[in-house]
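K.L.:
Taken in order, these protein sequences are the chains called B and A.
If you count the first sequence from 1, position 342 lands on 342 in the working numbering, and the numbers rise without skipping.
If you count the second sequence from 1, position 17 lands on 1017 in the working numbering, and the numbers rise without skipping.
Don't be surprised by glycine CBs; every beta carbon is placed ideally from N, CA and C.
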Amino acid sequence: METNFSEPKRQSAVGVVVMFLSNLQGSIRVLIFPIILLVVRSKSISAGYLLSGILAFLIILAIYSYLSYLKFTFFLDEEKQEFVIQKGILNRENLIIRLDKIQQVNINQSLIQRIVGVYSLEIDTAGSDKKEAHIKAIDHQAATILREKLLSRTFQADLANAEATSADYAGTDHGSTDLASTEKNYTTGGFASQTNPGRQHSSPLLKLSSSSLFKIGLTSNYGASIALLTGFIFAIIEATKNYTEAFKLEHNPISQLSTKGLGLLSLCVFLIIALLIVLGTNLIRTFIKYFDFEIRKEKNFLSIHSGLFDKKHTLLKPARVQISSYSQNYFQKKLNLINLRFKQAAFSTAADTDKDDKKHDIEVPGCDEREKNEILKMIYNRLPVQGTAFIPNYRFLFLTVMLRIVIPGLIFLAIAALLPSLQRYLWLIIPYTILVGTALYFEYAHHRLYVSEDFIIKKSGIWDIEYQTLEAHKIQKITTKQYFWHKKADIGHLILHTAAGTLHFKYGKYADIHHMVNYWLYKVESGKKDWM
Amino acid sequence: MQDFTNENLDLSLLPKHETVALNELNKKYWKVILMNIAVFMLIFGLAAYLLFSLLKATRPEPYIFIGGYLLTGILLVVFYAISIRKRGYAIREKDLIYKSGIISITTSVVPFSRIQHITLNEGVFSRMFNLAALHIYTAGGISGNIVIPGLDIELARAIKEELSKQVSQQESKDNENLNQNTTAQKPANTQEYKSGTAQEHKSGSTPTNPASNELTRDADGN
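#1: Below 6 angstroms CB to CB, which residues in the same chain sit around residue 1150(A) once its five sequence neighbours on both sides are set aside?
#2: Compute the Euclidean distance between the alpha carbons of residue 470(B) and residue 1121(A), then round it to the nearest angstrom.
#3: What are the uninterrupted segments assigned as beta strand (DSSP E) that are 3 or more residues long and contained completely in the region 265-328 of chain B, given in chain order?
#4: In whole angstroms, give me the CA-to-CA distance for residue 302(B) and residue 293(B).
#5: Measure the alpha-carbon distance for residue 1096(A) versus residue 114(B) and round it to whole angstroms.
#6: Take residue 1152(A) as the anchor and find which of 1065(A), 1032(A), 1019(A) and 1101(A) has the nearest alpha-carbon.
#7: Could you list which residues in chain A have their beta carbon closer than 7 angstroms to that of residue 521(B), in chain order?
#8: Residues in its own chain within less than 6 angstroms of residue 1146(A) by CB, not counting five upstream and five downstream?
#9: Mind pulling the chain B residues with CB within less than 8 angstroms of residue 1140(A)?
#10: Have a look at residue 307(B) and residue 296(B) and give me their C-alpha separation to the nearest angstrom.
#11: Taking only beta-carbon positions, decide if residue 1114(A) is within less than 8 angstroms of chain B.
#12: Hey, does residue 484(B) have any beta-carbon neighbour from chain A nearer than 8 angstroms?
#13: Going by CA-CA distance only, name the one from 149(B), 72(B), 26(B) and 38(B) that's closest to residue 82(B).
#14: Of all Cβ atoms in chain A, is any one closer than 8 angstroms to the Cβ of residue 321(B)?
#15: At a Cβ threshold of 8 angstroms, is residue 518(B) touching chain A?
#16: Note down, in chain order, every chain A residue with its Cβ under 8 angstroms from the Cβ of residue 345(B).
#17: Could you list which residues in chain A have their beta carbon closer than 7 angstroms to that of residue 400(B), in chain order?
#18: Which of helix, strand or coil does DSSP assign to residue 1036(A)?
#19: Please check if any C-beta of chain A sits within less than 8 angstroms of the C-beta of residue 481(B).
#20: Give a yes or no on whether 8 angstroms exceeds the smallest Cβ distance from residue 1014(A) to chain B.
#21: Could you work out which residue in 416(B), 112(B) and 98(B) is closest to residue 79(B) when comparing CA atoms only?
#22: Between the region 4-23 of chain B and the region 59-70 of chain B, do three or more beta carbon pairs fall short of 8 angstroms?
#23: Using a 10 Å radius around the Cβ and a threshold of 16 neighbouring Cβ atoms, would you call residue 367(B) buried or exposed?
#24: With which residues is residue 498(B) paired in a DSSP beta bridge?
#25: Please confirm if residue 525(B) has its CB atom under 8 angstroms from at least one CB of chain A.
#26: Starting from the beta carbon of residue 313(B), find every residue of chain A whose beta carbon is closer than 7 angstroms, and list them in chain order.
#27: Quick check: what's the CA-CA separation for residue 182(B) versus residue 145(B)?
#28: Could you pull out every residue in the same chain whose Cβ sits closer than 8 angstroms to the Cβ of residue 7(B), ignoring the five residues on either side in sequence?
#29: Using 8 angstroms as the Cβ pair cut-off and three pairs as the minimum, do the region 447-461 of chain B and the region 308-318 of chain B touch?
#30: Just to check my reading of the structure: residue 1125(A) and residue 1035(A) have Cβ atoms closer than 8 angstroms, yes? What is that Cβ distance to the nearest angstrom?
#31: Counting along the chain, where does the beta strand (DSSP E) carrying residue 75(B) start and finish?
#32: Going by C-alpha to C-alpha distance, which of 486(B), 477(B), 519(B) and 491(B) sits closest to residue 1143(A)?
#33: Considering only residues of the same chain and omitting the five flanking positions on each side of residue 106(B), which have a CB-CB separation below 6 angstroms?
#34: When DSSP builds the beta bridges, which residues end up paired with residue 1118(A)?
#35: Which partner residues does residue 1089(A) have in the DSSP bridge list?
#36: So is residue 1082(A) in contact with chain B if we call contact Cβ pairs under 8 angstroms?
Here it is in structure tokens:
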């Protein structure tokens, strides 16, 4: 296999097939509805015309794919430390990526690529420009070698950081002499040592078996599945409505159902079926996404594989992690199952939208306490300490109770006063108040901030209790906030801004918050540690 | 637990960001705000008039429109008059503070070492009074930015120069590290370089006494 990337190189020859199929997929996704509409509306079009039209389209697409394959070349300019991609059939586009700007290189495999036997390589750059480099077809060996070459510079820089941290925590098991020798290996042995197949057999830090995937599927992500399902149900109801209206059926089973009301038994059956469907979709989603999930420790980074159809391979560098969070709900606690999530810098420095970018998140769907600690130790060089706890003031409950219980209740009362038909549902306010009240109380009881010398841990959540861990030197900006009527009570809010989102601590003692802020500012400004 | 309470002693000696005396915005900024309000009221008035003429069929009360219009104007002026007095900024040796807000008083602090870049924005009205707004960007996205409006243009330029200098110093230091790293790839240099950085990092990471830190800041006049 050719491993020299200094000459302009094309993708794997089978890349034509991948390009053709992905182009086809893309155009079908865009064109399917207009085409169906066209076919249905104008019944006069004969099948012959239609077929020849499709054939012509396929041929054009094939030619287009072939040309774009021919014109897509990439090479590594070792001298300038740049990676260059050239593409475009009519307009030549030159994409130049400086190696030191690369933050992550992912090797993925979609279903199509798996059938053909190639991989895709995605380069994530640390720039505000949204240009993304994406090689669609490359064989595995070339991909891994190219990745190591691309990342060599970044990991070099990382090593210096690692050394800095190890010097900091001289007490931990990473002695500086130990690390120095590792570095020697690293620089002299080069990356060739990494490519030797022996490392593949190093035992993984974490491997998810089917049974743990099953547990994960049963206990997590209800929200997403329910949302998916309700959307689906509404679509079905809408469709049947149209269908019955179109065919002028007298009895629409669903509208009949909704007008006559459901019997208690059928309601129970319906609920059970809905529950089963939710759990089923959850399970399927979990298996597709996290099948064969595996984390390995490689030198100073974590390598993560997963996926049933689309294989994903990600490298996680500990220094890049901004916030790490782990969460558990009641069932998961019983099963000793923890959901871990690492948030990386989202790089929206420019005038970009402030939506939190989930794309950069790396999720470990399930692990136990010991594995969690192992991974966190790997990331932070030691285990995050839960320091002094800070508890929010009871006023935390006032505003939320007003907003979620009192005001909705009053609105409902007002509407009921205007519409007498609603008055027999007034009792619903009581269970609503109890339910929301308990939820709010738990939200308050779980709202905690733990501060130790180097770590900030924020606990929150109602059902899923989440612990977000942040190192003090990863802070970008600190905001403190106080409503003027809280001045006397000495209560205020704290917002910590990081490159991967914000942490809020509400209704804390303002004097305490000031102390913490001063301490963190001192930490950030006196420390030599960079945030990335 | 114990660790942190130990730290508490030091905490009281740390420089306090909440007691720093803040600089006010330029007095002329009030005029800019008034002009902005005037433009807004003009557009708002046109929209209200349009609505009024569209609703003519229903015979709306013109006094409600006029009253609402005037009330909005007065409220805007009053709110901004209060808000402008509540705003302030301070530049310390190692960070920048901006405070604002009427109902919720917000104080933001950005350490210089976390600044990504800085821009200077001059609006149409601001330029008439030689004012500018300083935008300070961090890697924290939109919410991680700070905008300080109503600075005298010369002052804003001076601040920008100074901050940019600090930021680029930081960066050049980083690059130095990086270059050293690439040279370290040659085995001959490795040993030398390694000892060098290890030393540097070690000395850098020993926490300086917070009290002395405060003293240097005090000496600087903050």
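P.N.:
Looking at the atomic coordinates:
#1: As a first step, residue 1150(A) is located in the second sequence; it is residue number 150 there, counting from the start. Hits under 6 angstroms: 1025, 1026, 1029 and 1131.
#2: Your numbering for residue 470(B) matches position 470 in the first sequence. Your numbering for residue 1121(A) matches position 121 in the second sequence. Those two C-alpha atoms are separated by around 33 angstroms.
#3: 294-298, 301-306, 311-316 and 321-328
#4: Within the first sequence, residue 302(B) is the residue found at index 302, counting from 1. Within the first sequence, residue 293(B) is the residue found at index 293, counting from 1. Cα to Cα, residue 302(B) sits roughly 13 angstroms from residue 293(B).
#5: Position 96 of the second sequence, counted from the first residue, corresponds to residue 1096(A). Position 114 of the first sequence, counted from the first residue, corresponds to residue 114(B). Those two C-alpha atoms are separated by around 52 angstroms.
#6: The residue given as residue 1152(A) occupies position 152 in the second sequence. That would be 1032(A), whose Cα lies nearest to the Cα of residue 1152(A).
#7: Position 521 of the first sequence holds residue 521(B). The answer, in chain order, is 1017, 1095, 1109 and 1111.
#8: The count along the second sequence starts at 1 and reaches residue 1146(A) at position 146. Closer than 6 angstroms at Cβ, skipping near neighbours: 1098, 1108, 1110 and 1136.
#9: Mapped onto the second sequence, residue 1140(A) falls at position 140. Going along chain B in sequence order, the residues near residue 1140(A) (Cβ under 8 angstroms) are 476, 477, 497, 498, 499 and 502.
#10: Residue 307(B) sits at position 307 when you count from the first residue of the first sequence. Residue 296(B) sits at position 296 when you count from the first residue of the first sequence. The straight-line gap from Cα to Cα measures roughly 15 angstroms.
#11: Looking up residue 1114(A) in the second sequence gives position 114. For residue 1114(A), the answer is yes, since a Cβ of chain B falls inside 8 angstroms of its Cβ.
#12: By 1-based counting over the first sequence, the position of residue 484(B) is 484. True, the Cβ-Cβ gap to chain A drops below 8 angstroms.
#13: As a first step, residue 82(B) is located in the first sequence; it is residue number 82 there, counting from the start. Nearest C-alpha to residue 82(B): 149(B).
#14: Looking up residue 321(B) in the first sequence gives position 321. Cβ-Cβ to chain A under 8 angstroms: no for residue 321(B).
#15: Taking the first sequence and counting its residues from 1, one reaches residue 518(B) at position 518. Interface residue, yes.
#16: As a working note, residue 345(B) is residue 345 in the first sequence. Correct list: 1139.
#17: On the first sequence, residue 400(B) is found 400 positions in, with the first residue counted as 1. What residue 400(B) touches in chain A: nothing, since even the nearest Cβ is about 16 angstroms away.
#18: The residue given as residue 1036(A) occupies position 36 in the second sequence. DSSP places residue 1036(A) in helix when its eight states are reduced to three.
#19: Sequence index remark: in the first sequence, residue 481(B) carries index 481 (1-based). It does; some Cβ of chain A falls within 8 angstroms.
#20: Looking up residue 1014(A) in the second sequence gives position 14. Closer than 8 angstroms: yes.
#21: Stepping through the first sequence from its first residue, residue 79(B) is reached at position 79. Answer by Cα proximity: 98(B).
#22: yes
#23: For the purposes of this step, residue 367(B) is taken as the residue at position 367 of the first sequence. By the neighbour-count rule (16 or more Cβ atoms within 10 Å), residue 367(B) is buried.
#24: As a working mapping, residue 498(B) is identified with position 498 in the first sequence. Note: residue 498(B) sits in a beta bridge opposite 475(B) and 501(B).
#25: The count along the first sequence starts at 1 and reaches residue 525(B) at position 525. Yes - at least one Cβ of chain A is within 8 angstroms of the one on residue 525(B).
#26: For this step, residue 313(B) is matched to residue 313 along the first sequence. Within 7 angstroms Cβ-Cβ: nothing; residue 313(B) doesn't reach chain A, min ~26 angstroms.
#27: As a first step, residue 182(B) is located in the first sequence; it is residue number 182 there, counting from the start. As a first step, residue 145(B) is located in the first sequence; it is residue number 145 there, counting from the start. Caution applies to residue 182(B), whose pLDDT of 36 falls short of 50 and renders its modelled position unreliable; the value that the coordinates give is listed next. Their backbone Cα atoms lie some 21 angstroms apart in a straight line.
#28: As a first step, residue 7(B) must be located in the first sequence, where it is residue number 7. Closer than 8 angstroms at the Cβ level, and outside the excluded window around residue 7(B), lie 75.
#29: no
#30: In the second sequence, residue 1125(A) corresponds to position 125, counting from 1. In the second sequence, residue 1035(A) corresponds to position 35, counting from 1. Contact holds; Cβ gap of about 5 angstroms.
#31: One-based indexing of the first sequence puts residue 75(B) at position 75. That run of the beta strand (DSSP E) goes 73-77.
#32: Start at 1 with the first residue of the second sequence, and residue 1143(A) comes out as number 143. Residue 477(B) is the option with its Cα nearest to residue 1143(A).
#33: Here the question's residue 106(B) lines up with position 106 in the first sequence. Within the same chain, residue 106(B) has close Cβ partners 122 and 314.
#34: Taking the first residue of the second sequence as position 1, residue 1118(A) is located at position 118. Beta-bridge pairing links residue 1118(A) to 1136(A).
#35: Residue mapping note: residue 1089(A) aligns to position 89 of the second sequence, counting from 1. 1023(A) and 1098(A), per the DSSP bridge assignment.
#36: If you number the second sequence from 1, residue 1082(A) lands on position 82. False, the Cβ-Cβ gap to chain B never drops below 8 angstroms.
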